[in-house]
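As given, the protein sequences belong to chains A and B, one line each in that order.
If you're matching positions, the first sequence starts at 1 in the UniProt record's numbering and goes up one per residue.
If you're matching positions, the second sequence starts at 1 in the UniProt record's numbering and goes up one per residue.
Report on one structure; see the data block that follows.
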Amino acid sequence: MAEIESKKGEIYELKAELNSDKRERKKEALKKVIASMTVGKDVSQLFPDVINCMQIDNLELKKLVYLYLMNYAKTQPEMAILAVNTFAKDCNDPSPLIRALAVRTMGCIRVEKITEHLCEPLRKCLKDEDPYVRKTAAVCVAKLYDINQQLVFDQGFLDLLKDLLSDSNPMVVANAVAALSEISEQSPQIQVFDLNGPTVNKLLTALNECSEWGQVFILDTIANYPPKDDKDAQSICERITPRLAHANSAVVLSTVKVLMKFLELIDPNSEFVQNLYRKLAPPLVTLLSTEPEIQYVALRNINLIVQKRSDILKNEMKVFFVKYNDPIYVKLEKLDIMIRLTNSNNIAQVLAELKEYATEVDVDFVRKAVRAIGRCAIKVEPAAERCVNTLIDLIQTKVNYVVQEAIVVIKDIFRKYPNKYESIIAILCENLDSLDEPEARASMIWIVGEYAERIDNADELLEGFLDGFKDENNQVQLQLLTAIVKLFLKKPTETQELVTKVLTLVTQETDNPDLRDRGYIYWRLLSTDPKAAKEVVLAEKPLISEETDLLEPTLLDELICHIGSLASVYHKPPNTFVEGRFIMKKKLPFRTGIHHEYEDITTMQTNQQQQQQQVVISSNVGSLIDDFDILGPMSNTSSTTMNTFEHTQQQTSSAIPNLLDDELSSILGLDSNVGGHQTPMMNTNTSLPINRLTTSTGNDLDDLFGDINLHTGPSSISFSSPNTLVLPKEIWVSAQKGKGLEISGTFARRNNQIVMEMDFTNKALQSMNDFALQLNRNSFGLTPLQPLQILNPLFPNQTIPIQLILNANGPIMKMDPLTNLQIAIKNNIDIFYFNCIVPIHILFVHNGEIDKMTFLQTWQDIPENNEIKYQLQNINNLSIDDLQNKLRLNNIHTITRTIIEQKEMLYQTIKLTNGIFILIELKITPGNRTIAFSLKTKVPDVANLIIQAYELILSSN
Amino acid sequence: MIGGVFIYNHKGEVLISRVYRDDIGRNAVDAFRVNVIHARQQSRFPVVNIARTSFFYTKRSNIWLCAVAKQNINAAMVFEFLNKMIDIMQSYFGKISEENIKNNFVLIYELLDEILDFGYPQNSDTGVLKSFITQQGVRPITREEQTNVTSAVTGQIGWRREGIKYRRNELFLDVIESVNLLMSQQGQVLSTHVAGRVVMKSYLSGMPECKFGINDKITVDNRTKNPLDSTNINNNSTTNGSTNPSTTTGTTTTTKTAIAIDDCQFHQCVKLSKFESEHSISFIPPDGEFELMRYRTTKDISLPFRVIPLVREIGRTKMEVKVVVKSNFKPTLIGQKIEIRIPTPSNTCDVQLLCMKGKAKYKSSDNAIVWKMKRMGGMKESQLSAEIELLPNDKKKWNRPPISMNFEVPFAPSGFKVRYLKVFEHKLNYSDSDTVKWVRYIGKSGLYETRS
């Protein structure tokens, strides 16, 4: 009670003082009010008294009142209205400082009713004579936009803001740029900020004169400008490179961002690029002598830059050597970059450093250093032996976490250099008991299984692990199962009991489906065909890649567009940590090269795509690759929120769950899950069904359609599917319309060429000659390879067959429907125009296969709303193999085939002549004729055509 | 953009809280306290993301400064801003401490209102801010002064106001270099660089234009043999020596005295485009003290001192350390404030010291022997030997931290030389020769470490 009393008393006292006549007392009281406000005490009751102080013509007092007002206006909207008049009055004050203060404050009062009254004063201030007021008003438009977008449009403030881009004062320009780019980022659907050549020119001029912060705003905006061509990009680069010498690191990094982005457009072999590389390195290095926090930001960005363009810093290894007093976050980042820059020339130095680091105190850092030694071994072959020896030295220290980390990397070294270092296995085995981390245990078990024949007591060792099987981590359990099966295949006589034990254990006593399924498969394999089992389980393993921990390329490209920003620090796309708003996915510009002819359609596609991808599903791949959790700045505190977020994402993209699993491939005999996601490349050629297709089936079908096939000899057999489904000819031009000339035709794909096959029949009474043919521009750029050649005149009642090979590199124009083709044919009588439809499967190219990982990544990269689902009817009740073959003949490639929940899953790709990929998933329930079809592509326009093609192919005989 | 700025004391109590954006609530203040200041495990990164809000923070003595944002903002800019804010506060009221912040909170709010608008950093130059945000708010500003202020804040020369007058035009240049070294036990230089700063104190009237010349290799010798030597500077600068005073005088100096600067950065007053095209450093300086230039060199650095350590572990309870220091500069010069830190294991129980010069002490709180010498002439040598007794119980291996050294020498170890600084003021009647100029060189130790 007493406390409430005293509080009341305090407020009462302040009230009295605020209403005092003396200015000094008022001021002191106001200070006390603000102090209470800061600590979080509620002083909103004083609202009317504080408002009363507003009238006083004293700048300092006014500022205090405004501070109060900004804090409490929202809770007391009725009272806040009382302030409107004062604002309006202040906006007309002769002092520019007061005018600016008023316009600055009123934008911060987020009360609907007040906002309306602010438009007029704001409009005036945007045209104020004093630049200080104008620069404040420019920001106020952004504030208003945050409160009420419609009001900003209605009042035409955006245009006023755009006018300020041409202001004579660079500071005003900078603030206008900042406001405009924030507005356009918030509403990408409307063209708020038209960044064109002249605007950029203005900005570049202002750049030289405005404050450091203004330079950051302008550079960040220029980064969003798409240069017209390489010359445009080059000239902007030239104009901004002097900024690299700015003392403010934000200016430097934003300059680097623009340069990195525009470099994409410039010929990489040109002298200009080489020069730029030389200019880029020193400022990046200099960033390492700034405050540690800025160093951290710089290092995270350098990490990206080195991955994208490793040449820039290739000679700067030494500056990344860790200093004893560096904060831990700087140390960890430096270490990462050191490894990326390691090569055979500097390996000796690097290794000496790493050895030094491995004896430091910080556990995370030491672990990373140890892991780095292993990465060196894998990356630089000549140094592998030295690295291994260093690791062995470290294992001898018996420091628990060092030993575990070393074993994990040694496993990778074994993968890279099989049968080379097995002499050290004995040393590793000595440390078996000290391993308590799942990854280390799994690695050790893998090593034992892999080299079981050289370890005398391998069975004892593995049996030891088996005792506590149920308590082990899933990763360890899977590894143990595989290792014991390997052991059994190598030493069948002594280990029969052991293998039975483990198989019983995993098939009967575990709830984990992966484990159980793998157990069943092994069991079945072993019981039916031990020889096959041997071939599968002990198959030679594909090589592991040299660089590990690389960011997934599309993610890397996106992050390059965000250099300097939070996304580049987190190494995550913005939509994973920014809420709600629409975020445009940024992309590196695309250099036009040899494929000039496809340019239009691809830019058209990317534009479409950008508009559709307002909500982009993030690539989980990035976080999968990011396997050291300790590296992520979000680790400790935010992990829960991030995880749930990613979890839901994974659920949404669950259409391809089993492709995500490395387990699948390990079932097929490639023990990939030890390497985890570090070795994604190994999954390539596991899709067996494709290879089963023999040429003989191809020939059978060849005979079915292969009536003509004239110009090519037997060599065509070398292609797995020379000819695709051909529809019967239909009449394109009737005799009536063609003034006696009747044309019927169709399209075929023969020997991977598009062929237009036509019959010309003369139904008139006179002979025809001077034939010519032209195709209008069309969606796929189809154009005749050579002109139509009919040498002899076409006599009455005569029919001649014509074959015209088409190229797909002609000029492009989008047609509706996409496959529409406009043809003009001329003869001595007239010109005839007609339309026909090119069946889309004719445009499927034979080399449209992609590997599993690419498939998976592409699938994930395509937003969910681009997915199209359909129910296909398997009319002829084809078996799955037949179905696959049939599709294969038409260049629909099956990437992989698996069974999930008794359903056959087929993953297929199609590549069109213009390079568009279409990804398809077929879900077939045995005994059911309905096939669940789902399709993803970056260009959804083709989806319906693809469905038609499937239906056509499946229903054909 | 920045959503809010908070300042906390070491207990996590808020001293200053200024929110700029609606998406930052009061709970953000608490989130940072709970998750970072009060966190059981010290946070390992200067940026943390808590519930989709990013917190950028830095610490000065006991005070936490924290900027908050919900958008994907420019992280480098945020940290630059926080550092700038610290500079501004220091120049207003000195040390960043709880007491100073509490006593000046109104001033800080006023500053925060001025230097951040809706989270966009605005002109944050101390000189200009001081012209209209004063601690004694009573000072009434005339109308005329107000327009001066606004043009100064937004002007092209945002760092200097008009109408400055001095009876005596004077300027001081300090070339301050910190030498960084990492040397192996065997005396092999693992990495070394000089981080130099040119600090200028100018007391000049009017709006003077200054031109600054240094003995950089490119400026001195326009036809460099190998452009790779000085990577950042392009050598397409104009070669007509008549317009460029640096080349005329440059021919008299030999190329030997020219140094290769790896990279340099300038205060915002320097016209960067002019530097890029003509390679001349020209600027209108702020009034008073400012950092004109920062540079970095890695080649031909004369290391002022060499430390030669010898550590012998005798059994598990005894160690012998011998450290020799050699000075490596002209005998006429004198190095000062020399301090050598020799780390000792944490289980040290007794240390016997013997040194030829200066004073040496074992500081158990720092786990180090600190050997201080007030001064040491060039080309001299001194030695310290220590016997360290250890407690046997400590099982952990001692990971010998490097021996570090501090010193100050009256020359620039990189060889950096100021060749000229010319002052032109066209409106007022004083010329370059009327200006009094002082130049001083100081070489300091940065991280100067030798592994033991």
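A virtual CB, placed ideally from N, CA and C, is assigned to each residue, including glycine.
The closest CA to that of Pro-402 of chain B, considering only B:Ser-414, B:Met-379, B:Gly-377, B:Ile-369, is found on B:Ile-369. Listed as beta-bridge partners of His-893 of chain A by DSSP are A:Thr-909.
Nearest CB-CB separation between Asn-248 of chain A and chain B: below the 7 Å threshold. With a threshold of 16 other beta carbon atoms within 10 Å, Leu-354 of chain B falls short and is exposed.
In the structure shown, Met-293 of chain B adopts extended strand secondary structure according to DSSP, grouped into three states. In the three-state DSSP reduction, Gly-288 of chain B falls in the strand class (E or B).
Contact annotation: Ala-69 of chain B and Val-297 of chain A have beta-carbon atoms that are not nearer than 7 Å.
Between Leu-313 of chain A and the set A:Leu-335, A:Ala-137, A:Lys-113, A:Arg-340, the nearest pair of CA atoms involves A:Arg-340.
Residue contact with chain A for Glu-110 of chain B: present (Cβ-Cβ distance below 7 Å to some residue of chain A). Secondary structure at Arg-371 of chain A: helix, using DSSP grouped into helix, strand and coil. According to the DSSP secondary-structure assignment, Phe-834 of chain A is paired through a beta bridge with A:Ile-823.
The beta carbon of Phe-32 of chain B sits closer than 6 Å to those of Phe-55, Cys-66, all from its chain and outside the five residues before and after it, given in chain order.
Rounded to the nearest whole angstrom, the C-alpha separation of Cys-387 of chain A and Lys-261 of chain A is 37 Å. Rounded to the nearest angstrom, the Cβ distance from Gly-810 of chain A to Gly-781 of chain A is 4 Å, consistent with a contact under 8 Å. Fewer than three beta-carbon pairs drawn from the region 23–32 of chain B and the region 921–931 of chain A are found closer than 8 Å, and the two stretches are therefore not classed as touching. Classified as buried, Thr-297 of chain B has 16 or more neighbouring CB atoms from the shown chains inside 10 Å of its CB. Annotated as distal: Met-756 of chain A and Leu-725 of chain A, with beta-carbon spacing of 7 Å or more. Under the three-state reduction of DSSP output, Lys-22 of chain A falls in the coil class, being neither helix nor strand. No residue range can be given for Tyr-417 of chain A, since it is assigned to no beta strand (DSSP E) and is classified by DSSP as neither H nor E. For the region 285–368 of chain A, the continuous alpha helix (DSSP H) assignments of 4+ residues that do not extend past its boundaries occur at 292–308, 328–341, 347–357, in sequence order.
In the three-state scheme derived from DSSP, where H, G and I count as helix and E and B as strand, Asn-49 of chain B is classed as strand. Listed in chain order, the non-local C-beta contacts of Tyr-120 of chain B below 7 Å within the same chain comprise Met-1, local neighbours out to five positions each way being set aside.
Residue-level contact check: Met-171 of chain A touches chain B, since one or more beta carbons of chain B fall below 7 Å from its beta carbon.
Met-1 of chain B carries a coil assignment under DSSP once its states are collapsed to helix, strand and coil. Look at Gly-9 of chain A: its C-beta is not under 7 Å from any C-beta on chain B.
The C-alpha of Ala-260 of chain B lies about 7 Å from the C-alpha of Lys-299 of chain B. Of the candidates A:Ala-539, A:Arg-99, A:Tyr-132, A:Pro-131, A:Arg-99 places its Cα closest to the Cα of Leu-118 of chain A.
DSSP places Asp-263 of chain B inside the beta strand (DSSP E), whose first and last residues are 263–266. By the criterion of a C-beta distance shorter than 6 Å, Lys-326 of chain B is surrounded in its chain by Arg-306, Glu-381, once the five residues flanking it on both sides are discounted. Note that the C-beta distance between Ala-412 of chain B and Leu-384 of chain B is not below 7 Å. When DSSP states are grouped into helix, strand and coil, Gly-213 of chain B belongs to the strand group. With respect to Leu-165 of chain A, Val-173 of chain A sits close: the two C-beta atoms are nearer than 7 Å. Boundaries of the beta strand (DSSP E) around Phe-283 of chain B: 281–283.
Out of A:Leu-765, A:Asn-827, A:Leu-727, A:Val-569, the CA that lies nearest to the CA of Gln-774 of chain A is found in A:Asn-827.
A contact is defined here as three or more CB-CB pairs under 8 Å, and the region 795–802 of chain A fails this definition with respect to the region 848–858 of chain A. Chain order gives the chain B residues near Phe-577 of chain A as Asn-49, Arg-52, Ser-54, Asn-72, where near means a beta carbon separation below 8 Å.
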